[in-house]
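First comes the structure, then the notes that go with it.
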Amino acid sequence: MVRASSKVRRIVSRYVDAIAKRGIRPEAIYLFGSHARGEAGRDSDVDLIVVWRGFRRMGYLRSLALLGEATADILEPIQALPYTPKEFARPLPGGFLDAIRDECVPVFGPASASVRRSQTQLRR
Numbered sequence: 609m610v611r612a613s614s615k616v617r618r619i620v621s622r623y624v625d626a627i628a629k630r631g632i633r634p635e636a637i638y639l640f641g642s643h644a645r646g647e648a649g650r651d652s653d654v655d656l657i658v659v660w661r662g663f664r665r666m667g668y669l670r671s672l673a674l675l676g677e678a679t680a681d682i683l684e685p686i687q688a689l690p691y692t693p694k695e696f697a698r699p700l701p702g703g704f705l706d707a708i709r710d711e712c713v714p715v716f717g718p719a720s721a722s723v724r725r726s727q728t729q730l731r732r
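For our numbering, add 608 to where a residue sits in the sequence shown, where the first one is 1.
Encoded structure:
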């Protein structure tokens, strides 16, 4: 599994603060795309999946709008997609999430903490 760079982790940290100001309290955030595959170039954006149960009552378009507003607030090249925990846990076969699921790297939430712990233990 590719590990998120310190630059990406800083961007995600700022993004979590920005979305929190809009009432979004994510359960998890996953990195995907070129940064997750270790293929990012200088101009690559940061592709994120934000998992939060509140997206269900908000609707997809409103969720996208709020995530986009948070991106504009911090002026970083982020492309974020909203998913509920249920949608993330059970992607549609052949759908977008199903196609990129294996490259997702946890960068926020419980899964990211366990990844950091296991990486620290491997270095010892």
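Heads up, the beta-carbon is just placed ideally off N, CA and C, and yes, glycines get one too.
Identity of the residue in the options nearest residue i by Cα
i	options	result
F696	V616, I619, Y623, P634	P634
I682	S614, S621, S613	S621
R617	A680, H643, Y668	H643
Collapsed DSSP secondary structure at residue i in the structure displayed
i	result
Q625	In the sequence as displayed, the identity of residue 625 is Asp instead of Gln. Helix, per DSSP.
R725	Confidence in R725 is poor, its pLDDT being 42 and thus under 50, which makes the residue's placement unreliable; the coordinate value appears in the next sentence. The answer is helix: DSSP assigns R725 an H, G or I state.
P690	strand
P718	helix
R645	helix
L700	coil
Integer Cβ distance of residue i from residue j, believed to fall under 8 Å
i	j	result
E711	F663	With a Cβ gap of about 22 Å, E711 and F663 do not count as contacting.
P693	R661	6 Å
V713	A612	6 Å
DSSP bridge partner residues for residue i (one or two, in chain order)
i	result
D655	F640, Q687
V713	L639
8 Å Cβ cutoff met for residue i and residue j
i	j	result
F716	A628	no
D653	Q687	yes
Y623	A678	yes
Y638	I657	yes
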